[in-house]
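A short write-up of the structure that comes next.
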Amino acid sequence: MKNSCDIVIVGGGLNGPALALACAQSGLTVRLIDRLEASELTDEAFDGRGYALSLSSQRLLKATKIWPAVASQAQPILEVKVTDGKAGEGPAPFMLAFDHAETDDGPVGFMLEDRFLRRALLAAVTAEPNITQHHGNVTAQSITPCAADVTLDTGEVVSGKVLVGCDGRNSGTATRAGIGRTGWGYKQTSLVCAISHERPHNGCAHQYFMPSGPLAILPLAGNKSSIVWTEKDGLARDIQALSDSEYLDVLRPRFGDFLGDITLVGKRFTYPLGLSLANALAADRLALVGDAAHGLHPIAGQGLNAGFKDVAALAEVLILAHRRGEDIGRSDVLDRYQQWRRFDVAALAVMTDGFNKLFSNDNPLLRFGRDIGMGVVNSMPALRRAAMREAAGVSGDLPQLLQGKSL
Amino acid sequence: MQTHHTTIDPSEVAKFEAMAAEWWDPNGKFKPLHMLNPCRLDYITAQIAAEFGRDLSDDKPFDGLRLLDIGCGGGLLSEPMARLGATVVGADAAAGNLPVARLHAEQSGLTIDYRHTTAEDLAASGEQFDVVLNMEVVEHVSDPEAYLNACHDLLKSGGLMICSTINRNPKSYFVAILGAEVVMRWLPRGTHEWNKFITPDELYDLITTANLQPVDRKGFVFNPVLWSWSLSDKDLSVNYVTASIKPV
Numbered sequence: 001m002k003n004s005c006d007i008v009i010v011g012g013g014l015n016g017p018a019l020a021l022a023c024a025q026s027g028l029t030v031r032l033i034d035r036l037e038a039s040e041l042t043d044e045a046f047d048g049r050g051y052a053l054s055l056s057s058q059r060l061l062k063a064t065k066i067w068p069a070v071a072s073q074a075q076p077i078l079e080v081k082v083t084d085g086k087a088g089e090g091p092a093p094f095m096l097a098f099d100h101a102e103t104d105d106g107p108v109g110f111m112l113e114d115r116f117l118r119r120a121l122l123a124a125v126t127a128e129p130n131i132t133q134h135h136g137n138v139t140a141q142s143i144t145p146c147a148a149d150v151t152l153d154t155g156e157v158v159s160g161k162v163l164v165g166c167d168g169r170n171s172g173t174a175t176r177a178g179i180g181r182t183g184w185g186y187k188q189t190s191l192v193c194a195i196s197h198e199r200p201h202n203g204c205a206h207q208y209f210m211p212s213g214p215l216a217i218l219p220l221a222g223n224k225s226s227i228v229w230t231e232k233d234g235l236a237r238d239i240q241a242l243s244d245s246e247y248l249d250v251l252r253p254r255f256g257d258f259l260g261d262i263t264l265v266g267k268r269f270t271y272p273l274g275l276s277l278a279n280a281l282a283a284d285r286l287a288l289v290g291d292a293a294h295g296l297h298p299i300a301g302q303g304l305n306a307g308f309k310d311v312a313a314l315a316e317v318l319i320l321a322h323r324r325g326e327d328i329g330r331s332d333v334l335d336r337y338q339q340w341r342r343f344d345v346a347a348l349a350v351m352t353d354g355f356n357k358l359f360s361n362d363n364p365l366l367r368f369g370r371d372i373g374m375g376v377v378n379s380m381p382a383l384r385r386a387a388m389r390e391a392a393g394v395s396g397d398l399p400q401l402l403q404g405k406s407l
Numbered sequence: 001m002q003t004h005h006t007t008i009d010p011s012e013v014a015k016f017e018a019m020a021a022e023w024w025d026p027n028g029k030f031k032p033l034h035m036l037n038p039c040r041l042d043y044i045t046a047q048i049a050a051e052f053g054r055d056l057s058d059d060k061p062f063d064g065l066r067l068l069d070i071g072c073g074g075g076l077l078s079e080p081m082a083r084l085g086a087t088v089v090g091a092d093a094a095a096g097n098l099p100v101a102r103l104h105a106e107q108s109g110l111t112i113d114y115r116h117t118t119a120e121d122l123a124a125s126g127e128q129f130d131v132v133l134n135m136e137v138v139e140h141v142s143d144p145e146a147y148l149n150a151c152h153d154l155l156k157s158g159g160l161m162i163c164s165t166i167n168r169n170p171k172s173y174f175v176a177i178l179g180a181e182v183v184m185r186w187l188p189r190g191t192h193e194w195n196k197f198i199t200p201d202e203l204y205d206l207i208t209t210a211n212l213q214p215v216d217r218k219g220f221v222f223n224p225v226l227w228s229w230s231l232s233d234k235d236l237s238v239n240y241v242t243a244s245i246k247p248v
């Protein structure tokens, strides 16, 4: 007997469970496949990873009833300071200061540790009767005129009207469907860790654009911050190999002493940076979501937010099609998702790539231009507000779930 | 085909028969119909839900409703209605459409009663339905008044008819004939005859004459920038749709 349902989702990270919940809560039946068992995915200890959630992402979590489980652990970002700095020189004089008082929407966003978000999503998935979880590696998939079938290494065959790949930038779902990718590396690596510090951060996030790459200091709950620190590959490798105390010695001068003394908490991570875009977001009975569709340079912290925008758009397309009585796996239905997201995805990639190339160099002319440019942006409230609203993800053609409306 | 009285113009049936095989290809000859379909379904589902007090977020919201899809073609409306729980009869006067529709319903795991018949014959046999879908048909029949009388007879008391067609004015000539058939080649030349198009007021009169009560009308408007269709309260200048009920 085949395991048949409406939607088969491959990938149990963050986007997969979020999509599963959004669809299941509207009555669609979902099978969620991950390599690991749910119990292996939830690490209780703080591991240093965190996400800067936009307000839109928060609304998706509210609409899918996840937010109450994480609200007390989420740190509101009340202010964002973007500075062009050079190690050892401190911040440049012109400073782009975003303040939440300038938008009507409360905080600019929220910082949330990976462990809290992951645990809350998995708990909700487990409690949702319309979702069945499977664990195993996908060994084959086939698209027939009426179904998408996925075979696991456990021998199980899971079948749905539509197959969604939420399986990251090396998406096997995309590869098996013959969807190629476009992209390039940046020869840069992000070093990610969390620190605890003496002084309170007051909900302020900082982003310094250093010659080697950006440094972000993002406020976590309590006197803790998440650090995303980007260096050239070789240097990053050397820094990652250092002991904790040597690592801190390298980090300290990069953002000064405004938070007082700092110590490492949790693990240290590295993420090589690169752009990886799938050549299509949808095909017959198939859709790609999150990094499987667009792996981005995380300079603006937009990776998860872009993934949640995919989740909200795809859920809306599928649920509305289902309520019209349409076959939700047909290419003309899934093409609506692709049309909705593809411009946004390409624009974000180009913008992110442009930003990175502009800021990651020591060309004096560009450095001058950056200082002037940010001074100009800073002196024009309307432009600054638009930049903030874009970063907060509240502008543009927003899916219902990102507007905090349930479907 | 039976030799009963019919208002179907034989030359019209032949035209659609030639087109039947491509019904279900979203990028094939019926691409414009596939593009219009979500908008048509939005209207149909909302009207049925309102008239019969159904909640579209429920599973199988149209359970228990008997529905007739006149001019069902390949089943572009019949299948969604069956998926939503309705008991569907799909009727088409073009014999070639029915094997395509039956084959596709079977592939989709849906049970639909497809019949090679006409509204007039069904009415004469005394069958009745809660809902009659009468979409893009009335502009193809030779005697709209007799046809709408048959639709009236096919409805149970309190039943709902959804009827869409194309307005008759200079704009509809440019859009529906020159635009869709000649320039874009969305539809084969000769699909429509402009002088058979019906204005919304004429349609309301015809519906009223058939002892049905018009309750709503909306336009289907194509947005060439977004390349998609949407419903409009005001713009009924080309494609439009009406809802009518058979008084209890």
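Protein sequence lines correspond, in order, to chains G and L.
If you're matching positions, the first sequence starts at 1 in full-length UniProt numbering and goes up one per residue.
If you're matching positions, the second sequence starts at 1 in full-length UniProt numbering and goes up one per residue.
Don't be surprised by glycine CBs; every beta carbon is placed ideally from N, CA and C.
What you are looking at is a predicted structure, and each value in this text was computed from that prediction instead of being measured.
Closest in C-alpha terms to serine 108 of chain L, from the list L:Asp130, L:Phe129 and L:Leu76, comes L:Leu76. Boundaries of the alpha helix (DSSP H) harbouring histidine 34 of chain L: 31-52, taken from the DSSP string.
Secondary structure remark: continuous beta strand (DSSP E) runs of at least 3 residues inside the stretch 13-82 of chain G, in chain order: 30-34, 50-54 and 75-77.
The three-state secondary structure of arginine 323 of chain G, taken from DSSP, is helix. The C-alpha of cysteine 146 of chain G lies about 37 Å from the C-alpha of phenylalanine 197 of chain L.
In the DSSP assignment, methionine 81 of chain L falls within the unbroken alpha helix (DSSP H) covering 78-83.
Taking a 10 Å sphere around the C-beta of threonine 117 of chain L, we find 16 or more other C-beta atoms and assign the residue as buried. Distance from the CA atom of valine 345 of chain G to the CA atom of histidine 294 of chain G, rounded to whole angstroms, is 7 Å. Counting the other Cβ atoms within 10 Å of the Cβ of leucine 273 of chain G gives 16 or more, which makes it buried. Residues of chain L whose Cβ lies closer than 7 Å to the Cβ of arginine 324 of chain G are, in chain order, Pro38, Leu41, Asp42, Thr45 and Pro80. The alpha-carbon separation between alanine 210 of chain L and valine 100 of chain L amounts to approximately 33 Å.
Less than 8 Å divides the Cβ of threonine 242 of chain L from the Cβ of proline 214 of chain L. The DSSP assignment places 204-210, 213-220 and 224-232 as complete runs of the beta strand (DSSP E) inside the stretch 184-256 of chain G, in order along the chain (cut-off: 3 residues). Contact annotation: in the stretch 127-148 of chain G, residues whose CB is within less than 9 Å of a CB in chain L are Pro145 and Cys146. From the beta-carbon of serine 57 of chain L, the residues of chain G found nearer than 9 Å are Ser26, Gly27, Ile319, Arg323 and Leu407. Rounded to the nearest whole angstrom, the C-alpha separation of asparagine 170 of chain G and asparagine 305 of chain G is 19 Å. When DSSP states are grouped into helix, strand and coil, serine 11 of chain L belongs to the helix group.
Counting along the chain, the unbroken alpha helix (DSSP H) around asparagine 149 of chain L starts and ends at 144-154. Close to arginine 119 of chain G, with beta-carbon spacing below 8 Å, lies no residue of chain L; the smallest spacing is near 29 Å.
Chain-order list of chain L residues neighbouring serine 331 of chain G: Pro26, by C-beta distance under 7 Å. A contact is defined here as three or more CB-CB pairs under 8 Å, and the stretch 112-129 of chain G meets this definition with respect to the stretch 15-32 of chain G. For the options G:Ser4, G:Glu37 and G:Leu14, the alpha carbon positioned closest to that of threonine 29 of chain G is the one of G:Ser4. In terms of CA proximity to glutamine 73 of chain G, G:Gln58 leads the group G:Gln58, G:Ala148, G:Ile217 and G:Ala63.
For aspartate 216 of chain L, the pairing in a beta bridge is given by DSSP as L:Ala243. With fewer than 16 neighbouring CB atoms inside 10 Å of its own CB, alanine 50 of chain L falls in the exposed class.
For proline 80 of chain L, the CB contacts under 6 Å within the same chain, skipping 5 residues up- and downstream, are Leu41 in chain order.
The Cβ neighbour count for arginine 252 of chain G, taken over all protein chains shown within 10 Å, is under 16; the residue is labelled exposed. In this structure, the beta-carbon distance from aspartate 149 of chain G to serine 142 of chain G falls below 8 Å. In the structure shown, the three-state DSSP call for valine 317 of chain G is helix.
In the structure shown, asparagine 169 of chain L adopts coil according to DSSP, grouped into three states. Closer than 8 Å at the C-beta level to chain G, one finds these residues of the stretch 79-106 of chain L: Glu79, Pro80, Met81, Ala82, Arg83 and Leu84.
Close CB contacts of phenylalanine 220 of chain L within its chain, under the 6 Å cut and outside five residues either way in sequence, are with Cys39, Trp229 and Asn239 (chain order).
Counting only the Cα atoms, alanine 236 of chain G lies some 28 Å from proline 200 of chain G. Aspartate 130 of chain L is not a Cβ neighbour of glycine 85 of chain L, given a cutoff of 8 Å. Glutamine 25 of chain G is classed as buried because its beta carbon has at least 16 other beta carbons within 10 Å across all chains shown. In this structure, valine 248 of chain L keeps its C-beta atom at 8 Å or more from the C-beta atom of serine 172 of chain L.
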